[in-house]
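Let me begin by presenting the structure, written as structure tokens, before commenting on it.
Number of protein chains: 2
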Amino acid sequence: MPQSPIRKLVPFAEAAKNKGITVYHLNIGQPDIETPKPVLDAVRNSHFKVLEYSHSAGNESYRKKLVEYYARVNINLTTEQIIVTTGASEAILFGFLSCFDPGDEVIIPEPFYANYHAFAVATGIKVVPVTSGIENGFALPAIEEIEKKITIRTKAILICNPNNPTGYVYTEKEMQQLREVILKHNLYLFSDEAYREFCYEAKHSSAMYLKDVENNVILIDSISKRYSACGGRIGAFITKNKTLLDTIMKFAQARLSPPEFGQLAGEAAVDLPKDYFNITKVEYKKRRDLIIKRLNAIPGVECANPGGAFYVMAKLPIDDCDNFCAWLLKDFSYKNQTIMLAPATGFYETKGLGKQEVRLAYVLNCDAINAAMDCLEKALKEYPGKI
Amino acid sequence: MPQSPIRKLVPFAEAAKNKGITVYHLNIGQPDIETPKPVLDAVRNSHFKVLEYSHSAGNESYRKKLVEYYARVNINLTTEQIIVTTGASEAILFGFLSCFDPGDEVIIPEPFYANYHAFAVATGIKVVPVTSGIENGFALPAIEEIEKKITIRTKAILICNPNNPTGYVYTEKEMQQLREVILKHNLYLFSDEAYREFCYEAKHSSAMYLKDVENNVILIDSISKRYSACGGRIGAFITKNKTLLDTIMKFAQARLSPPEFGQLAGEAAVDLPKDYFNITKVEYKKRRDLIIKRLNAIPGVECANPGGAFYVMAKLPIDDCDNFCAWLLKDFSYKNQTIMLAPATGFYETKGLGKQEVRLAYVLNCDAINAAMDCLEKALKEYPGKI
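These protein sequence lines are chains A and B, in that order. According to this note's numbering, the first sequence is numbered sequentially starting from 1. According to this note's numbering, the second sequence is numbered sequentially starting from 1.
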């Protein structure tokens, strides 16, 4: 089991803070945006007397609300097709346990969310990467490249859309290409759509829109980013495949139930005013525009303009991102401030890739982003391993 | 993956309720005792604005409180030795993932909590049962029987103390016997002590009290039963083994964090008045005494007097407990009432065992227990498969 690529920097960040240095955390997808008050109030104003187990698939009242939410984004579901999980993490774990035998393979475009690898290790399956490139904004690799990787052990393709860590939003054309492949080879398509609402230009194209592959498509979801409710630990495993749902339910029953309070929060969130996502999106878009402008103004830095989520992958003029990210915390400060970034090596399965790249999460306000970019600019001048 | 032995009866219970029949749920460990108000208030009166991820090991403030709690039961820990999990379920999952390779073996006295089997399936390990008998109250099987089962693949022994489903409380002598075995064969000892406070006569003998096996002992814990807080989904993985903690942390980081609200509840629970457990224990003891008296008064029923938890295993004069439990819900009622029980076959790994046994959870008040026992008495007269 590999250590989390970001978390291994945590002791250096703690040491920097102990020295009185302000650390701007662009390393983790923890939004600073307030959890909407009605969402927290649903928990705080609850009246039950016994904090009971919920249904293993989640409270029926919450699943009914989720049916409403999904109908609004043109995904038609029944409550039976939704299994509420403890974060998207558990949905991925259950999915891997149910769809794969040990030794089976899942194809994932890299760079990808590092914890997919962790859950693959936990369940004994093999991640087969297909590399996407910064030069075309981390678009889906050519479909022939994906098809080349399919073997007798391949059971699924997994995408994250909008993508973490790249911010790329898959186009409808790319989704149709994926549809062809999963249909032809009878594969599952896992689609992690936790950032669905955060698309700044293009319309989101859900895997659930794909026709005639209903039994192949698995939607992984989460309220963490959508409502700034990471600590609620509420996600969902969604599919129209009845047999698969039956298997997932066995794992869901073994762990008894998802957290009750988080479900109350999630249920209330569906009733937020219609403009909630617009307001949030405006704020994130402003931050994205700022961070992209600032990054592109730094000599030697390259980055695409990510269309969604709240991440950007940038190529820096450095020898080794792991060294650089550690150095920023251990040996650098500017006006008593520094930044914490996520080294991109942790997002690539292929060894040696991503050494010059970092992921920046624009989860801080514009003032903080400006200060952080001042630090980065200065750091790239001072870093001994600059190229 | 097997279906939960209890949950497969759920549709029959739902059908009975739809017919207007009252179903007494003695089948599941969901206490009816109210969650203490200060525990719920800690959540309801919380003031934060962003529902953030907590530390992957759990909030430090909660782990500090847990250190206090454990000191009170004579278990001396540091915050680093405690990893807060999403229920005991996740602690077991992480423990199995970290201590075993696929194909390794864990020895568990049977009957045992059915979900241990589920987590073993999920992680590809083999459960090797050693049978304990109703005739001596489900005491630890002779240590020679346990030693006979040890192979080159055995990595651990797992006990639940007080035991679910039997209610048996392991004696200090039995714990010392287990200590000898794990020391001699260098095995892990998983000790699930979720029911620690519910010992009605004997003193609880924690695995954490065992000397010179600190690196072998793993404590699995949960706030679910202790404070009637099942829906909080808060447990803990505890050990003094530093290397093992490092591995567990990698799995903990992959799933980001345990639920925040449940941690607030757990933290407040440590400050409950000292007499909290006494009051709860008096209530459960009263129920135990009643249910044992009623069971033993029914002709052909045998049961031991369980010293802890809130379960009792009873041997009934029936052909097949799965049939009987389904029949109770589908074909029987008395004064428009019936009972839901857990068939014991689901708690035995050895095929064919437990066919005449059921588990009863005394999680209902004395009036309900009396009404449920009236039903059972009547049902055992009417059941077509009686022996």
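Every residue, glycine too, gets a C-beta built ideally from N, C-alpha and C.
Nearest candidate by alpha-carbon position, reference residue i, set the options
{"i": "residue 310 of chain B", "options": "B:47, B:162, B:269 and B:277", "result": "B:162"}
{"i": "residue 333 of chain A", "options": "A:6, A:15 and A:1", "result": "A:15"}
{"i": "residue 189 of chain B", "options": "B:155, B:222 and B:196", "result": "B:155"}
{"i": "residue 49 of chain B", "options": "A:227, A:122 and A:143", "result": "A:227"}
{"i": "residue 315 of chain A", "options": "A:380, A:157 and A:224", "result": "A:380"}
{"i": "residue 378 of chain B", "options": "B:344, B:322, B:307 and B:295", "result": "B:295"}
{"i": "residue 283 of chain B", "options": "B:203, B:364, B:358 and B:185", "result": "B:364"}
{"i": "residue 10 of chain A", "options": "A:351, A:370, A:352 and A:327", "result": "A:327"}
{"i": "residue 318 of chain A", "options": "A:200, A:266 and A:386", "result": "A:386"}
{"i": "residue 180 of chain A", "options": "A:101, A:207 and A:169", "result": "A:207"}
{"i": "residue 6 of chain A", "options": "B:42, B:121 and B:250", "result": "B:250"}
{"i": "residue 362 of chain A", "options": "A:337, A:293 and A:262", "result": "A:293"}
{"i": "residue 19 of chain A", "options": "A:357, A:329, A:200 and A:384", "result": "A:329"}
{"i": "residue 291 of chain B", "options": "B:376, B:194, B:199 and B:232", "result": "B:376"}
{"i": "residue 263 of chain A", "options": "A:55, A:8 and A:25", "result": "A:55"}
{"i": "residue 255 of chain B", "options": "A:44, A:92 and A:219", "result": "A:92"}
{"i": "residue 132 of chain B", "options": "B:252, B:81, B:160 and B:261", "result": "B:160"}
{"i": "residue 29 of chain B", "options": "B:238, B:298 and B:222", "result": "B:222"}
{"i": "residue 76 of chain B", "options": "B:184, B:210 and B:351", "result": "B:210"}
{"i": "residue 187 of chain A", "options": "A:12, A:140 and A:151", "result": "A:151"}
{"i": "residue 467 of chain B", "options": "B:278, B:153, B:182 and B:345", "result": "Any answer about residue 467 of chain B is impossible in this case: the structure gives chain B only from 1 up to 387."}
{"i": "residue 119 of chain A", "options": "A:368, A:299, A:286 and A:4", "result": "A:4"}
{"i": "residue 167 of chain B", "options": "B:193, B:175 and B:177", "result": "B:193"}
{"i": "residue 372 of chain B", "options": "B:298, B:103 and B:346", "result": "B:298"}
{"i": "residue 58 of chain B", "options": "B:238, B:96 and B:25", "result": "B:238"}
{"i": "residue 32 of chain B", "options": "B:303, B:230, B:275 and B:278", "result": "B:230"}
{"i": "residue 268 of chain B", "options": "B:220, B:62 and B:34", "result": "B:62"}
First through last residue of the alpha helix (DSSP H) which encompasses residue i
{"i": "residue 92 of chain B", "result": "87 to 99"}
{"i": "residue 42 of chain A", "result": "37 to 44"}
{"i": "residue 375 of chain A", "result": "366 to 382"}
{"i": "residue 72 of chain B", "result": "60 to 72"}
{"i": "residue 282 of chain B", "result": "276 to 296"}
{"i": "residue 251 of chain A", "result": "242 to 254"}
{"i": "residue 144 of chain B", "result": "143 to 148"}
Residues that residue i bridges to, as DSSP identifies them
{"i": "residue 337 of chain A", "result": "A:22 and A:334"}
{"i": "residue 105 of chain A", "result": "A:126 and A:154"}
{"i": "residue 53 of chain B", "result": "For residue 53 of chain B, which the question treats as bridged, DSSP gives no partner whatsoever."}
{"i": "residue 311 of chain B", "result": "B:361"}
{"i": "residue 222 of chain A", "result": "A:235"}
{"i": "residue 206 of chain B", "result": "None, per the DSSP bridge assignment."}
{"i": "residue 351 of chain B", "result": "The partner list for residue 351 of chain B (beta bridge, DSSP) is empty, contrary to what the question assumes."}
{"i": "residue 121 of chain A", "result": "Bridge partners of residue 121 of chain A: none, in fact."}
{"i": "residue 191 of chain B", "result": "B:159 and B:219"}
{"i": "residue 199 of chain B", "result": "B:308"}
{"i": "residue 230 of chain A", "result": "None; residue 230 of chain A has no bridge partner."}
{"i": "residue 439 of chain B", "result": "Residue 439 of chain B is absent from the structure shown; chain B starts at 1 and stops at 387."}
Cβ shell of residue i (< 6 Å), same chain only, five flanking positions each side left out
{"i": "residue 164 of chain A", "result": "113, 309 and 311"}
{"i": "residue 27 of chain A", "result": "6, 340, 341 and 342"}
{"i": "residue 261 of chain A", "result": "43"}
{"i": "residue 66 of chain A", "result": "82"}
{"i": "residue 204 of chain A", "result": "196"}
Same chain, Cβ closer than 8 Å to residue i, five either side skipped, listed in chain order
{"i": "residue 117 of chain B", "result": "2, 127 and 349"}
{"i": "residue 98 of chain A", "result": "244, 247, 248 and 251"}
{"i": "residue 200 of chain A", "result": "281, 284, 285, 288, 307 and 308"}
For residue i, the first and last residue of its enclosing beta strand (DSSP E)
{"i": "residue 131 of chain A", "result": "126 to 131"}
{"i": "residue 180 of chain A", "result": "Looking at the DSSP string, residue 180 of chain A is not in any beta strand (DSSP E); the run it does join, the alpha helix (DSSP H), is 172 to 185."}
{"i": "residue 264 of chain B", "result": "Counting along the chain, residue 264 of chain B falls outside any beta strand (DSSP E), though it belongs to the alpha helix (DSSP H) covering 260 to 269."}
Chain-order list of residues whose beta-carbon lies under 7 Å from that of residue i (same chain, five-residue window excluded)
{"i": "residue 338 of chain B", "result": "16, 21, 23, 328, 329, 332 and 375"}
{"i": "residue 356 of chain A", "result": "315, 316, 318 and 321"}
{"i": "residue 51 of chain B", "result": "260"}
{"i": "residue 109 of chain A", "result": "130, 132, 140, 141 and 159"}
With 7 Å as the limit, tell me which residues of the region 206 to 233 of chain A have their beta carbon closer than that to any beta carbon of chain B; keep them in chain order.
Residues of the region 206 to 233 of chain A that bring their beta carbon within less than 7 Å of a beta carbon in chain B comprise 228, 229, 230, 231, 232 and 233, in sequence order.
So if I threshold CB-CB distances at 7 Å, which residues from the region 362 to 378 of chain B count as touching chain A?
Flagged: no residues at all.
Taking a Cβ distance cut-off of 8 Å, strictly less, list which residues of the region 334 to 347 of chain B are near chain A, in chain order.
Taking 8 Å as the Cβ-Cβ cut-off against chain A, none of the residues of the region 334 to 347 of chain B qualify.
Using Cβ-Cβ distances below 9 Å, what residues of the region 48 to 60 of chain A are close to chain B?
When C-beta distances to chain B are compared with 9 Å, the residues of the region 48 to 60 of chain A below that value are 48, 49, 50, 51, 52, 53, 54 and 56, in chain order.
Could you please tell me which residues of the region 108 to 124 of chain A, in chain order, have their CB closer than 7 Å to any CB of chain B?
So the list reads 115, 118, 119, 122 and 124, given in the order they occur along the chain.
Taking Cβ-Cβ distances below 7 Å as the criterion, which residues of the region 182 to 203 of chain B are in contact with chain A?
Here the close residues number zero.
Contact set between the region 62 to 80 of chain B and chain A, restricted to residues whose Cβ is under 7 Å from the partner:
Cβ contacts with chain A: none found.
Can you give me, in chain order, the residues of the region 268 to 290 of chain A that have a beta carbon less than 8 Å from any beta carbon in chain B?
Only those residues of the region 268 to 290 of chain A whose C-beta falls short of 8 Å from the nearest C-beta of chain B would be listed, and there are none.
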